[in-house]
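As they're listed, the protein sequences go chains A and B.
Throughout the first sequence, residue numbering follows the working numbering, covering 1 to 298 in sequence.
Throughout the second sequence, residue numbering follows the working numbering, covering 1001 to 1280 in sequence.
Here's the structure we're looking at; comments come further down.
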Amino acid sequence: MIIKRTKSHIAEIFCNVLCVFVITVVSVNAQKLNDDFFSPKSRLSFGNYLFLEKDYLRASNEYKEFLKTDNNDTVRFKLSESFLRIGRYEEAANNFKSLFFSTSLTDEARLGLFKSLFFEKNFVRFRQYRLEENYTTEKFSHDIDRLNYISYFFDSEPLPDSSRLFSAFADLNRADIKKFYYMKKNPDTKNPVTAALLSAAIPGLGKIYTGEIGDGITSLITTGLLVFLSANNFRHDHNFRGWLFAGFAALAYGGNIYGSAASAQIYNAGVKFNFDNEVKLFFEKHNYFLPEFDFVNR
Amino acid sequence: MKKLFYKYFLLIEIFVVSSLFPQDRLSIQFDYANKLFQTSQYFDAITEYKRLLFFDEAKKYSYKAYFQIGKCYKAGAKFDEAIKYFSTASINAANENEKLSVYFEIVRTNISRRTTSRALQILDEIEKENTNTFIRDSINYWRGWTYIFADDWKNAADAFSKIKSDHELKKLCEQVEKEKVSVTFTKAISYFLPGAGEVYSGNILSGSITFGWNLLFGYLTINSFAEERIFDGMVIGSLGWLRFYRGNIQSAEESAKQKNIAIANKILKYLQYEYKGAKP
C-alpha cells in the first residue's frame, strides 16, 4: 500500500516537472517565432526590400534598428543613402562621416558626403571641404571635381575656367555642357533700365523691347489718345477735361515706364527659370554623372 | 496513476495547441498591424503590413495586407497611393466578394479625391456585372454620395430613392436642391433690374447699393445725352454706368454661387459630423 502510494507520488512529481518543462520550451519557441520578424537579420532583409522598393524612410528605420545590435558598414552606408534620397541631407552627411575612418567604404562615404552637400545646395561648404585633405578621396576625386563644376550651374558664383570645366565631362556630353556654360555666362536677358528709357522716349517701345509687342502697341495708342484728348480739350477751352485727360495721360505714361522695367524683370526671371529647369533636367537624366554602387542595390 | 497521466497530458496538449496553432506568427503580425491601424498609427501600420507581405511567402495575407495598406493611405489622404494598393489588393482577391469590397473602396477613395466621374464609371462597371439586390443598393448608395460630392443633388436624391423611397439621404438631397437658387435666373433678373439678383440670393443690402449706383449713373448718362453733352454721356455711360451694370451681373452670379455653396456646406457638415451611416 505504502509502495503503491510512493509510486503514485513519484509519478505526480515527474508529471509536474514534465509539464513545467514543456510549457517553458513551448513559451520560448513561441516567443522566438514572434520575434523572428523583428530579429536583426529579418530587419536587415526587410530593410533591403524596402530600399529596393524606394521606400527609403521605412528602410532607414529598419537599418537603424539593425545597427542597434550589429555594426555593419554596408548597412550604415545604405542608411546614409536612404537619408540622402529622402532629402534629410544633414543626417546623411553625419552618417557618411561616421564611415570615414577604418572602414572598407571610406572612399564611397566621402563621395556620399559631397553628394549630401551638393543636393543640400550647400555649395560653400562643398567647395571648402574639397580643399581639405580630411574629406577628399583619391578614388573619386574626378567625380567630386565634376560635381563641383556642376554646382556652378546652380548658384550665382562666377563660372570657373571653361577649358577645365569642359574637360571634366566625357566627349559625348561636352556639347550640351558647352551650351549650358555659354547660356549661363551670357544669358539672353533684357536690361530693365533700357526698357524704362525706351518707354520714356516712345511709350510702349520698352515693352516691345521685352517681347510684349501687343502690350507695347496698346500702350502707345492709349497714351497717344489721352494726350490728344487733353490737347484737344485745352484747345477748345475745356480746361477741366483738358487737365483730367492730361492726368490720365501722365498716369498711362508713368505706368508704361514702370511696366516696361517690370516686364524686363519678368522676362529675365523667365529666362533664369527656363535655364535652371533645363540644366536640372539634363543633369538629373544623367544622374549628375555620379557612379552607381552595385552593393547598394543588393 | 493512469488518470493522473491523462490529466497532465491533456493540460500540456491544450497549452501546446493553444500556443502554436491558432495564432501563427503571420496572424500575430497581422493583428499587430491591425491594432496600429485601429489606433490611427497609419505610418507604422503600413510598415507592419509591408513586413507581413515580405515574410508571407505563401501569399496568404496578400489581399488583406494590400487592402489595409490602401485604407491607411486613404486615411492619411494619400488617395493616389491608396488606389494603387487597392488595385493590387483586387489582383490578389480570392473571390468576387473580396473584389467587390476593393472596388467599393476605390469608389470611396475617388469620391474623397473628388474624381467623381471615375467613381461613377467604376460603379457603372460593377452594375453591369452584378444583378444582386444588395449589391445594387450599395451601388446606388455610393452613386448618391458621388453625386453629392459632384454637387449634383438632384441625381444624388434619385440614386438614394432607388434604395428606399424615403431614404434619409434622399430627403437631405431634396432639401438642398429645394433651397438652392438658380444661378441663371439670378443673372437673368439682374439684366432687367440691377441688384435684383443679389436681393434674390439673400444679399439685400448689397443688392440695394448696386441698384442705387446703377440708378445714379443711369440718370447722369441719360441726362448728359438729353442735354446734348454727347461726349459726357459716353464717358459717364462707359466708365460709370456700364461698369456698375456689368458688376451687378457678376455680383449676382457670385452671390448665387456663394449661397449655393453655403447651403451645400451646411448639409455636408451635417453628413460629416452627425450622419451615422457609411461615408466615403
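Idealized CB from N, CA, C, for every residue including glycine.
Would you mind giving the Cβ-Cβ distance between residue 1066 of chain B and residue 1085 of chain B, rounded to the nearest angstrom? I have them listed as a contact below 8 Å.
-> 5 Å
With DSSP collapsed to three states, give me the class of residue 76 of chain A.
-> Helix at residue 76 of chain A.
Report the rounded CA-to-CA distance for residue 1246 of chain B versus residue 1183 of chain B, giving the unit in angstroms.
-> 16 Å
At which residue ranges does the stretch 1184 to 1229 of chain B contain complete alpha helix (DSSP H) runs of 4 or more residues, listed in the order of the chain?
-> 1196 to 1200, 1204 to 1226
Closest to residue 104 of chain A by CA distance: which of A/37, A/86, A/202, A/77 is it?
-> A/77
Write down every uninterrupted run of the alpha helix (DSSP H) in the stretch 111 to 194 of chain A whose length is 4 residues or greater and which is fully enclosed by it, in chain order.
-> You should have 123 to 130, 141 to 151, 162 to 167, 171 to 185.
N-terminal and C-terminal residue of the alpha helix (DSSP H) that residue 1108 of chain B is part of = 1096 to 1112
Within the stretch 1139 to 1176 of chain B, note down every full beta strand (DSSP E) run reaching 3 residues or more, in order along the chain.
-> none
Chain A contacts made by the stretch 1052 to 1075 of chain B, where a contact means CB separation under 7 Å | 1054, 1055
Taking only the alpha-carbon atoms, compute the straight-line gap between residue 1248 of chain B and residue 1190 of chain B and give it to the nearest angstrom.
-> 7 Å
Nearest-angstrom Cα separation, counted from residue 113 of chain A out to residue 63 of chain A = Here the alpha carbons of residue 113 of chain A and residue 63 of chain A stand approximately 19 Å from one another.
What do you get for residue 298 of chain A, buried or exposed, if any count of 16 or more other CB atoms within 10 angstroms of its CB means buried?
-> exposed
Give the interface partners of residue 188 of chain A over in chain B, defined as CB-CB distance under 7 Å, in chain order.
-> Residues of chain B passing the Cβ test: none, with the nearest at roughly 38 Å.
Limits of the unbroken alpha helix (DSSP H) element including residue 36 of chain A = Residue 36 of chain A -> no alpha helix (DSSP H), and no H or E assigned at all.
Output yes or no for whether 8 Å exceeds the beta carbon distance between residue 1030 of chain B and residue 1064 of chain B.
-> yes
Please say whether residue 290 of chain A and residue 145 of chain A have beta carbons closer to each other than 8 Å?
-> no
In three-state DSSP terms, what is residue 1041 of chain B?
-> coil
What residues in the stretch 1110 to 1122 of chain B have a beta carbon less than 9 Å from any beta carbon of chain A?
-> none
Local Cβ density within 10 Å of residue 1117 of chain B, reported as buried at 16 or more and exposed below that = exposed
Between the stretch 237 to 246 of chain A and the stretch 178 to 189 of chain A, do at least 3 Cβ pairs fall closer than 8 Å?
-> no
Give a yes or no on whether the C-beta atoms belonging to residue 1162 of chain B and residue 1252 of chain B are separated by under 8 Å.
-> No, these two residues do not count as a Cβ contact at 8 Å.
How many Å lie between residue 278 of chain A and residue 160 of chain A at the Cα?
-> 20 Å
When burial is assigned at 16 or more other CB atoms within 10 Å of the CB, is residue 1167 of chain B buried or exposed?
-> buried
Nearest to residue 1089 of chain B (by Cα), restricted to the options B/1241, B/1038, B/1068, B/1025 = If we check each option's Cα against that of residue 1089 of chain B, B/1068 comes out closest.
For residue 86 of chain A, three-class secondary structure by DSSP = coil
Pairing CB atoms from the stretch 248 to 267 of chain A with CB atoms from the stretch 202 to 219 of chain A, are three or more of them under 8 Å?
-> yes
In or out: residue 317 of chain A buried (at least 16 other Cβ within 10 Å) or exposed?
-> This structure does not reach residue 317 of chain A, given that chain A is present from 1 up to 298, and the question cannot be answered.
Counting contacts by CB-CB distance shorter than 8 Å, is residue 1229 of chain B in contact with chain A?
-> no
Counted within 10 angstroms of its Cβ, other Cβ atoms place residue 1037 of chain B as buried (16 or more) or exposed | buried
Residue 147 of chain A to residue 1087 of chain B span [Cα, whole Å] = Rounded to whole angstroms, residue 147 of chain A and residue 1087 of chain B show a C-alpha spacing of 41 Å.
Compute the Euclidean distance between the alpha carbons of residue 1222 of chain B and residue 1274 of chain B, then round it to the nearest angstrom.
-> CA-CA distance, residue 1222 of chain B to residue 1274 of chain B, rounds to 57 Å.
Status (buried if at least 16 other CB within 10 Å, exposed otherwise) for residue 267 of chain A = By the Cβ neighbour-count rule, residue 267 of chain A is buried, with 16 or more other Cβ atoms within 10 Å of its own.
Helix, strand or coil for residue 1235 of chain B per DSSP?
-> In this structure, residue 1235 of chain B counts as helix in the three-state DSSP scheme.
Among the residues of its own chain, which have a CB less than 6 Å from the CB of residue 1156 of chain B, if the five just before and after it don't count?
-> 1144, 1147, 1148, 1173
For chain B, is any of its Cβ atoms less than 8 Å away from the one on residue 36 of chain A?
-> By this cut-off, residue 36 of chain A is an interface position.
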